[in-house]
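Below: one structure, written as structure tokens.
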Amino acid sequence: MSETLIAPHPLDHAVRLEPVEPGLYRGATTPEYWNMAGPFGGATAAVMLKAVLDHPERRGRPVAQTVNFCAAVAEGSFDVAVRLVRDGRSTQHWQVELSQGGKIATTSSAVTGAERETWTHTPGAPPQVPPAEQTPVLDTTGRNGWRSRYEFRYVRGEPTPGGGSAEAPASAVSQTWIRDEPRRPLDYVSLAAISDSIVVKILQVRGDVPPVATVSLSTYFLADEAALARQGSRPVLGVSDARVFRHGFNDQSAELWSDDGQLLAVSNQVVWFKG
């Protein structure tokens, strides 16, 4: 009887880590998530989180992750060192470093915590938008490789060259249905990557793309395993905004909502831009 071999999802290929020794893993970049000068930052964030999740001492689920992009990750292999900084009853604190040729390219801190039944209050609510199936899919043909790894359906704020200008900036608000392409059930690794999938805001507000790079990205995971399982491979709603562009940096915030109205994660990042 012949066996059918199923290729791993491109994201699982991108975040694959081989243990080298306790606390040290080796991975490699993949063309599927390539950006302008290195891997898509969300894929790198997913690698850093995967190293924590793979660690044998890890307890609980991801609660928070901050990734600092120190330098562009070059094409090829890299090492990821992960260390348990503090192990408490409720939380674990982790430090992660990605290096190439002995030089650090990316650092990360992460917090994991046990799920507990506690008092719950949810004052936040998603915006009222058309469902994903009623929203056209963005054509990503000819764009950077990582853009083809997601299906984008813009309700509002589609970044368009010439859509704004330095003299008359467009709104920074966007509402986008997003899911992995090809489809993949949502988990914390893919959620970490999707948190960085909303296009840098300067393209949306100014209509051009100067040299630009995310400097630091923080993601707070609010969904439990059950919520991720309910979402499956259906699109999540990304609601994003920016508040200030000044001195070559801008903020960028995002909320990621399930299609049944549960807040799955929030993220904030600082972006460097030239000009």
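Numbering of the sequence shown is given in the numbering used here, commencing with residue 132 and proceeding in unit increments. Every residue gets a Cβ at the ideal spot worked out from N, C-alpha and C, and that includes glycine. Just so it is clear, the structure is predicted and the values come from calculations on it, not from any experiment.
- Per DSSP, His224 is one residue of the beta strand (DSSP E) stretching across 222-231.
- Per DSSP, the beta bridge partners of Arg157 are Glu149, Asp210.
- Between the region 205-212 and the region 225-244 there are three or more inter-stretch CB-CB distances shorter than 8 Å, so the stretches are counted as touching.
- Bounds of any alpha helix (DSSP H) do not take in Lys234; it lies within the beta strand (DSSP E) bounded by 234-244.
- At a cut-off of 3 residues, the continuous stretches assigned as beta strand (DSSP E) that sit fully inside the region 354-404 are 367-372, 380-388, 394-404.
- Arg190 carries a coil assignment under DSSP once its states are collapsed to helix, strand and coil.
- Pro300 and Lys405 do not touch by the CB rule: their CB atoms are close to 17 Å apart, not below 8 Å.
- At the C-beta level, Ser398 and Arg310 stay beyond 8 Å of one another.
- Sequence-distant Cβ neighbours of Glu248 in its own chain, meaning closer than 7 Å and more than five residues away, do not exist here.
- A check of alpha carbon separations from Leu155 across Gly172, Arg214, Leu387 identifies Arg214 as the nearest.
- Across the set Trp225, Arg147, Gly172, Leu148, the C-alpha of Gly172 shows the shortest separation from the C-alpha of Val401.
- By the C-beta criterion, the region 139-159 is judged to be in contact with the region 310-328, since at least 3 inter-stretch pairs fall below 8 Å.
- Secondary structure in the region 301-361: the beta strand (DSSP E) runs of 3 residues or longer, each lying completely within the stretch, are 305-311, 343-352 in chain order.
- Spatial neighbours of Ala263 in its own chain (CB-CB distance under 6 Å, excluding positions within 5 residues in sequence) are listed in chain order as Arg284, Trp308, Pro366.
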